[in-house]
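Visitor: In terms of mature numbering (1 follows the signal peptide of the UniProt record, and there is no 0), the sequence shown is residues -19 to -1, 1 to 143.
Here it is, the structure in full.
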Amino acid sequence: MFGLLVLILFAAGPGRIHAAPGAILRDLQTIHKTTTQPPTTTTTTTTTTTTTTTTAVPTTTGSHHGHHHQEPSESESLMFLYDATSQYMSVKSGRTACYVYQTTPEQQAVIHTSHGLHTVEKLLIDLIDFNQTQGTMTRQDLDAISSKLSHHCSHAHTIYRL
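Structure representation (C-alpha cells):
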C-alpha cells in the first residue's frame, strides 16, 4: 500500500503534487501504522482526502495568425575603447550615449591583461547601470582629452563623464 501511494504521487509528474508535505507525511504515517499493527476490530474504515490546487500557468501572446509568441528577446551592444595615451576609457552604447572614464593608476597597471580589462569594463557597466554619471561633456572637451575617444563617440547623441 505504501508503494502504491508513492507511485500515485510521482505519476502526477514533477511539481504536480497537490497536497502539503506535512499532510502527505501524516497520511504515510497513518498508512504505516495501519499496515504494521494488527487490527483491533474487524471493521475497516477508508478515508480519502483530496486537495485541489489551482496554479496560474504563464501564457503566451496569441497573434491573429494563430501563432503563439514567446517573451521577446533582449540584446544590448556596448563598445569599449581604452586610450593608453590619455589613460581614459570610453563605452559606446549604440548611437544613444557614450561614457568617458579616467582610469586610476591601479587600473592602468592591469588593463592590458584580459582579467584587468574585464574588471574595468564591469566597473563601467555598474557605474552606468547605477546612473553614476558626473555630468555631460562636449565633443570639443572630449577631443581635447583624446582624439581616439572623440572619434569613438562621434555618433553618440550625449557624452557622459563617469
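Here a beta-carbon is modelled for each residue, glycine too, at the ideal position from N, C-alpha and C.
Remember, predicted model here, so these are calculated numbers, not experimental data.
1) Looking at C-alpha atoms only, which residue of Val81, Gln68 and His48 is the closest neighbour of Ser135?
2) Below 6 Å CB to CB, which residues in the same chain sit around Ser127 once its five sequence neighbours on both sides are set aside?
3) Under a three-way DSSP split, which group does Leu59 fall into?
4) What residue range does the beta strand (DSSP E) around Thr139 cover?
5) From what residue to what residue does the alpha helix (DSSP H) around Ala125 run?
Guide: Walking through what the data contain:
1) It is Val81 whose Cα lies nearest to the Cα of Ser135.
2) Contacts found: Asp64, Ser67 and Tyr69.
3) Of the three classes helix, strand and coil, the one that applies to Leu59 here is strand, per DSSP.
4) Thr139 to Arg142 is the span of the beta strand (DSSP E), which, as asked, contains Thr139.
5) Arg120 to Ile126 is the span of the alpha helix (DSSP H), which, as asked, contains Ala125.
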